[in-house]
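To convert, note that position 102 of the sequence shown is 102 in this note's numbering; the numbers rise steadily by one, no gaps.
Just so it is clear, CB atoms sit at the ideal spot from N, CA and C, and this is done for glycine as well.
Note that the structure is a prediction, hence the values are computed from the model and not measured.
To keep things clear, I will list the structure first and then write my remarks on it.
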Amino acid sequence: IVEVSTQLLYLYLGFTAAVELQPLGNSYTEWFLALAAFYPLLVMNLMIQFFTALLILNLVKFQGTLVCWNYTANEFINAERYGFTEVAASGKRELRVSPFNKGSSSANCMDFWYIRRRSVGVNVD
């Protein structure tokens with residue numbers, strides 16, 4: 001959360017500085033071209049920051065999904081090696097339910113953020 005909010009704050013400050021340095025004109029295209037002509041490092045920095053923010057949001061989404069499934073990144077990456085995959089009827093390999101799954105996404109999130117007994121398996125059969 002800290003990294004995402006830092007990225008968004010930096011983007012906000014950069015765009016605020018850009019509007020102060022190059023006032024908005026009749027169109028956004030003219031404003032952007034003038035900004036790129038007079039302040040190319042600012043534009044390059046904002047573009048890099050924007051794409052980095054997208055990548056960080058994607059990482060947060062991925063980690064949140066793993067928390068909901070009660071998997072670690074290592075278990076997800078090495079699922080086949082650890083035996084966490086099975087062959088489905090379609091012939092594709094699919095992830096099995098984690099042996100430490102607490103039964104639902106909300107229970108897994110509660111276990112991750114509050115209870116903190118991730119290494120204890122629960123039999124949900």
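Rounded Cβ spacing between residue i and residue j (contact assumed at less than 8 Å)
i, j, result
"Tyr-39", "Leu-21", "6 Å"
CB of residue i within 9 Å of CB of residue j, strictly
i, j, result
"Asn-45", "Gly-14", "yes"
"Leu-42", "Leu-35", "yes"
"Gln-7", "Ile-77", "no"
"Asn-108", "Trp-69", "yes"
Counted within 10 angstroms of its Cβ, other Cβ atoms place residue i as buried (16 or more) or exposed
i, result
"Ser-5", "exposed"
"Lys-61", "exposed"
"Ser-98", "buried"
"Val-19", "exposed"
"Val-124", "Note on Val-124: pLDDT 49, under 50, position unreliable in the model; the coordinate value appears next. Exposed, by the Cβ-count rule."
Residues near residue i in its chain [Cβ-Cβ closer than 6 Å; skip 5 each side]
i, result
"Ser-106", "none"
"Thr-72", "none"
Neighbourhood of residue i by C-beta distance below 8 Å, restricted to the same chain and skipping five residues each side
i, result
"Ala-17", "Leu-42"
"Phe-50", "Leu-11"
"Leu-66", "Thr-72, Ala-73, Phe-76"
"Thr-52", "Gln-7"
Chain-order list of residues whose beta-carbon lies under 7 Å from that of residue i (same chain, five-residue window excluded)
i, result
"Trp-31", "Gln-22, Leu-24, Gly-25"
"Ile-115", "none"
"Tyr-82", "Glu-75"
"Glu-3", "Ile-56"
Check: residue i C-beta below 8 Å from any heavy atom of the ligand FAD
i, result
"Gly-64", "Inclusion of the ligand FAD in the displayed structure is not the case, the ligand content being empty and no account of it being possible."
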